[in-house]
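Take a look at the structure set out below.
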Amino acid sequence: MTDQTASDPLTQKLLERAAPSRAEFEDLVIVPIFAVIVALAVGALVMLATAVDLPTIGQSYVALVRGSVGSLNALSETLTAAAPLVLAGLGLALGFRAGLFNIGAEGQIVIGGLVAVIVGFSFAGLPWAIHLPLALFAGALAGALYASIAGWLRAATGAHEVITTIMLNLISYRILDYVLRQPFVQREGRADPISRSVLDSAQLPGLLTWIDPNLRVHAGVFLVVLAVIVVYWLLFRTKVGFEFRASGKNPDAARYAGIRASFIIVAAMACAGALAGLAGANQVLGVLDRASPGFSAGIGFDAISVALLGRSHPVGVLFAGLLFGALEAGGRQMQVDAGVSVDLIGIIQALIIVFIAAPLLVRAIFPWGFRKSEAGRNE
Amino acid sequence: MSPTIRTLKYAAIATALVLGSATSALAFSACQVTDTGGIDDNSFNQTAWKGIQDAQEQLGIEPRFLESQAETDYMPNINSLLGGQCDLIITVGFLLGDATQEAAEANPGQKFSIVDFAYDPAIPNVVGQVFATDQAAFLAGYLAAGMTETGIIGTFGGINIPPVTIFMDGFVRGADYHNAQKGTEVTVLGWDLDSREGLFTNNFESLDDGRAFAQNLYDEGADIVLPVAGPVGLGSAALADELGTDALKIIGVDADLYVTDPEKRHVYLTSILKRMDSTVFQVIEAAMNDTFEGGVTVGTLENGGVGLAPFHDMDALVPDELKAEIEAIRQGIIDGSIDVSG
Numbered sequence: 028m029t030d031q032t033a034s035d036p037l038t039q040k041l042l043e044r045a046a047p048s049r050a051e052f053e054d055l056v057i058v059p060i061f062a063v064i065v066a067l068a069v070g071a072l073v074m075l076a077t078a079v080d081l082p083t084i085g086q087s088y089v090a091l092v093r094g095s096v097g098s099l100n101a102l103s104e105t106l107t108a109a110a111p112l113v114l115a116g117l118g119l120a121l122g123f124r125a126g127l128f129n130i131g132a133e134g135q136i137v138i139g140g141l142v143a144v145i146v147g148f149s150f151a152g153l154p155w156a157i158h159l160p161l162a163l164f165a166g167a168l169a170g171a172l173y174a175s176i177a178g179w180l181r182a183a184t185g186a187h188e189v190i191t192t193i194m195l196n197l198i199s200y201r202i203l204d205y206v207l208r209q210p211f212v213q214r215e216g217r218a219d220p221i222s223r224s225v226l227d228s229a230q231l232p233g234l235l236t237w238i239d240p241n242l243r244v245h246a247g248v249f250l251v252v253l254a255v256i257v258v259y260w261l262l263f264r265t266k267v268g269f270e271f272r273a274s275g276k277n278p279d280a281a282r283y284a285g286i287r288a289s290f291i292i293v294a295a296m297a298c299a300g301a302l303a304g305l306a307g308a309n310q311v312l313g314v315l316d317r318a319s320p321g322f323s324a325g326i327g328f329d330a331i332s333v334a335l336l337g338r339s340h341p342v343g344v345l346f347a348g349l350l351f352g353a354l355e356a357g358g359r360q361m362q363v364d365a366g367v368s369v370d371l372i373g374i375i376q377a378l379i380i381v382f383i384a385a386p387l388l389v390r391a392i393f394p395w396g397f398r399k400s401e402a403g404r405n406e
Numbered sequence: 210m211s212p213t214i215r216t217l218k219y220a221a222i223a224t225a226l227v228l229g230s231a232t233s234a235l236a237f238s239a240c241q242v243t244d245t246g247g248i249d250d251n252s253f254n255q256t257a258w259k260g261i262q263d264a265q266e267q268l269g270i271e272p273r274f275l276e277s278q279a280e281t282d283y284m285p286n287i288n289s290l291l292g293g294q295c296d297l298i299i300t301v302g303f304l305l306g307d308a309t310q311e312a313a314e315a316n317p318g319q320k321f322s323i324v325d326f327a328y329d330p331a332i333p334n335v336v337g338q339v340f341a342t343d344q345a346a347f348l349a350g351y352l353a354a355g356m357t358e359t360g361i362i363g364t365f366g367g368i369n370i371p372p373v374t375i376f377m378d379g380f381v382r383g384a385d386y387h388n389a390q391k392g393t394e395v396t397v398l399g400w401d402l403d404s405r406e407g408l409f410t411n412n413f414e415s416l417d418d419g420r421a422f423a424q425n426l427y428d429e430g431a432d433i434v435l436p437v438a439g440p441v442g443l444g445s446a447a448l449a450d451e452l453g454t455d456a457l458k459i460i461g462v463d464a465d466l467y468v469t470d471p472e473k474r475h476v477y478l479t480s481i482l483k484r485m486d487s488t489v490f491q492v493i494e495a496a497m498n499d500t501f502e503g504g505v506t507v508g509t510l511e512n513g514g515v516g517l518a519p520f521h522d523m524d525a526l527v528p529d530e531l532k533a534e535i536e537a538i539r540q541g542i543i544d545g546s547i548d549v550s551g
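Set out below in structure tokens:
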């Protein structure tokens with residue numbers, strides 16, 4: 028995205044030739060922005076259709092802004108909600124770049140989070156500087172291994188990863204139910220499936236709890252920034268990253284060029300799984316302090332939207348994740364202030380995806396928006 | 210099209226800003242945080258919400274609710290109600306126990322009440338509302354054992370947690386009591402008293418699961434099923450509706466489902482009432498009158514906190530003798546001569 032600002036038409040052309048199918052600036056930036064605007068407008072129409080009166084609609088959008096960026100607590104909530112979305116979204120973006128449509132982030136989050144919790148409540152007495160990284164690493168490794176199953180199935184047998192990852196999601200829920208009932212995992216004195224609490228030495232520390240104990244933003248945000256940088260570097264600055272992208276663009280050409288297709292598939296799935304596993308670890312070590320059925324909360328599926336909205340670019344995923352985090356935090360405030368159903372936020376998110384997926388539709392609605400931006404670029 | 214919408218939106222926002230600043234009245238406000246079943250689950254959350262609505266009507270409080278879509282929402286939902294905008298925060302469900310405790314301890318000045326959770330030791334700013342549901346479920350088990358034609362009745366739960374399994378305990382013991390008193394051999398499927406294991410959907414959302422679990426029990430011969438899983442039971446009701454009530458009857462939980470689920474009301478033999486509406490109302494009243502005190506309230510048959518709903522359309526099917534017996538057992542439980550805890 029950033030290197031698109033080069034105004035020299037020749038450089039522009041060269042860049043486009045170097046990455047011929049790279050989406051243009053408009054598709055990357057303008058379309059998502061307009062998609063959000065249109066989605067909010069259509070969301071207002073939906074509210075009108077469900078007999079919400081105009082002042083309430085206005086109030087709810089004010090609440091959306093207030094709840095997402097309007098206060099320290101709102102920002103904290105936005106970041107807290109965005110962190111796992113960005114992490115899992117980065118993993119999915121990596122897979123998309125390598126031509127793998129991985130639907131399995133949810134299962135990888137479950138497995139990663141589960142292993143991170145187990146490491147997190149075991150090993151009492153370890154210092155923080157060892158225990159926390161260990162728990163995070165264990166979560167990432169577990170996610171990577173779990174995702175590799177789908178990668179291996181694809182590479183070895185040709186089983187399509189869409190099918191296998193969906194199936195692995197369902198399997199992960201059952202594994203979670205089973206493991207949470209094991210005596211060494213289940214919290215003492217409880218009959219329901221819930222894990223022991225993560226020890227203090229393995230928790231991602233809250234960053235602003237010294238201001239107010241209710242501020243939930245935690246050190247996971249550093250993890251997110253780090254992950255964005257690493258994924259960017261991996262994709263665009265390393266040989267493996269090039270191989271990922273080449274395989275994604277044209278698997279046949281990549282194979283003739285000597286890229287080991289099987290290795291790339293398994294490696295890409297493992298990287299994706301590691302990031303999703305990290306997202307799971309981030310949730311249990313930073314937010315929940317324990318695992319229970321449903322702790323993954325559909326983050327793995329929302330992350331698909333985040334990766335698509337971010338056009339599978341690390342920076343794009345970061346902003347898309349922040350947007351979805353803001354919608355989640357703001358949506359809560361919409362419920363509190365205006366009494367509007369939280370389901371509406373789901374509708375707005377879905378609409379955003381629909382409009383992103385149909386750039387021509389957005390261009391048709393806002394023809395002036397695109398002329399202007401083109402003129403701006405040629406100056 | 211779009212400019213019109215935008216104009217409308219700006220106009221609306223402006224109006225809202227004006228109105229918004231004016232509506233923050235001085236009324237006492239009670240705020241509910243639901244579990245993942247949602248506010249319109251026809252049972253658990255809805256019954257608690259009814260208590261708040263009753264308080265709105267009779268005491269003029271300002272009601273508000275927040276729905277949790279996932280378990281990760283509990284904490285932030287409670288947090289977003291903090292800061293003095295709610296005089297009383299009511300969290301509904303055992304699963305919110307941890308989140309409520311954390312918030313209550315971090316905000317000692319805020320009054321909380323939680324349904325289905327009792328803290329030991331008590332937290333001074335939290336009232337736990339728990340229910341001796343097994344007393345009412347005992348009656349339902351006795352009734353079902355007396356009504357079944359196949360000699361098999363069934364139950365299944367949402368998640369294996371005490372507020373769910375207490376229904377199943379009472380139900381099984383009630384049926385056992387019938388067997389002991391009458392020499393019948395009614396089997397209850399879906400819950401084993403001793404191993405504490407049974408049928409669980411592991412969620413409080415999926416109507417499909419409710420249908421599938423009831424179907425399984427029906428296939429095993431059960432003709433009366435007690436789903437203890439909030440809205441999941443609506444799926445079971447749909448199945449009973451299709452099979453016909455001669456083949457399968459449903460016993461509702463929490464609210465009188467004959468009333469809250471009018472579409473399928475004919476399939477309900479009765480409902481095991483858990484009067485969260487009345488306890489929530491009482492807690493609100495106490496908080497308004499400054500008599501709020503942390504601790505536990507227990508709903509029993511005696512104080513009307515739990516009970517058995519009327520048979521409504523099925524009234525004619527229930528033999529008078531059985532009705533009389535149930536009434537006698539009810540008295541027995543209240544005066545202590547019948548022990549429902551086995």
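If you read the protein sequences in the order shown, they are chains A and B.
Residue numbers for the first sequence, in the numbering used here: 28 to 406.
Residue numbers for the second sequence, in the numbering used here: 210 to 551.
Cβ atoms here follow ideal geometry from the backbone N, Cα and C, with glycine treated the same way.
Check, Outcome
"Buried or exposed (CB count within 10 angstroms, at least 16 for buried), Arg405/B", "exposed"
"First through last residue of the alpha helix (DSSP H) which encompasses Lys473/B", "It is not in any alpha helix (DSSP H) - Lys473/B carries neither H nor E in the DSSP assignment."
"Contact residues within the stretch 305 to 325 of chain B, judged by C-beta distance below 8 Å to chain A", "Asp307, Ala312, Ala315 and Asn316"
"Three-state class that DSSP yields for Val227/B in the structure shown", "Since pLDDT at Val227/B reaches only 45, below the 50 mark, its modelled position is unreliable, and the value read off the structure follows with that caveat. DSSP places Val227/B in helix when its eight states are reduced to three."
"Beta strand (DSSP E) segments (min. 3 residues) lying fully within the stretch 352 to 424 of chain B", "361 to 366 and 396 to 398"
"Closest residue to Asp482/B among Glu271/B, Phe376/B and Ala354/B (Cα-Cα distance)", "The residue asked about is misnamed: residue 482/B is Leu in this sequence, not Asp. Taking only the C-alpha atoms, the option nearest Leu482/B is Phe376/B."
"Span of the alpha helix (DSSP H), counted from its first residue to its last, around Glu271/B", "First-last for Glu271/B: Glu271 to Leu275, but that is the beta strand (DSSP E), not the alpha helix (DSSP H)."
"Ala533/B, buried or exposed, once every other Cβ within 10 Å from all chains shown has been counted against 16", "exposed"
"C-alpha gap between Asn512/B and Gly304/A, whole angstroms", "50 Å"
"Proximal residues to Val79/A (C-beta, below 6 Å), its chain only, five neighbours per side dropped", "none"
"Chain A contact residues for Arg405/B, given Cβ-Cβ distances below 7 Å", "Ala218"
"Buried versus exposed call for Ala353/B [16 or more other C-beta atoms within 10 Å across all chains shown]", "buried"
"Given Glu358/B as reference, the closest of Phe303/B, Thr454/B and Glu266/B once Cα atoms are compared", "Thr454/B"
"Counted within 10 angstroms of its Cβ, other Cβ atoms place Val58/A as buried (16 or more) or exposed", "buried"
"Separation of Gly116/A from Gln278/B, as counted between CA atoms", "21 Å"
"DSSP three-state assignment for Gln278/B, whether helix, strand or coil", "coil"
"Within 8 Å of chain B by C-beta, residues of the stretch 241 to 253 of chain A in sequence order", "Asn241 and Arg243"
"Option nearest Leu435/B by Cα separation, candidates Thr364/B, Lys259/B, Ile535/B and Asp529/B", "Thr364/B"
"Alpha-carbon spacing of Ser289/A relative to Ala174/A, whole angstroms", "14 Å"
"Coil, strand or helix - Thr506/B by DSSP", "strand"
"Exposed unless 16 or more other CB atoms sit within 10 angstroms - verdict on Ser546/B", "exposed"
"Cβ-based neighbour list, Asp204/A, same chain, cut-off 7 Å, excluding 5 preceding and 5 following", "Pro220 and Pro320"
"Identified DSSP bridge partners for Pro436/B", "Phe365/B"
"Cβ-Cβ distance between Ala313/B and Val335/B below 9 Å", "yes"
"Asp529/B versus Leu443/B: straight-line alpha-carbon distance, rounded", "29 Å"
"Cα-Cα separation between Ala101/A and Gly357/A, rounded to whole angstroms", "8 Å"
"Pair within 9 Å by beta-carbon distance, Gly300/A and Leu197/A", "no"
"Three-way DSSP call (helix, strand, coil) for His245/A in this model", "strand"
"Backbone CA spacing between Arg287/A and Ala306/A [nearest angstrom]", "29 Å"
"Span separating the alpha-carbon of Gly131/A from that of Ile368/B", "25 Å"
"Same chain only: Cβ atoms within 7 Å of Asp249/B, ignoring 5 sequence neighbours per side", "Gln255"
"Beta-carbon gap between Asp316/A and Val225/A smaller than 9 Å", "yes"
"Ser368/A burial status per 10 Å Cβ neighbour count (16 or more: buried)", "buried"
"Euclidean distance between Cα positions of Ala552/B and Arg201/A", "Within the shown structure, residues of chain B are numbered from 210 to 551, placing residue 552/B beyond reach of any answer."
"Chain A contact for Leu290/B (CB, 9 Å cutoff)", "yes"
"Distance CB(Ile332/B)-CB(Leu305/B) smaller than 9 Å", "no"
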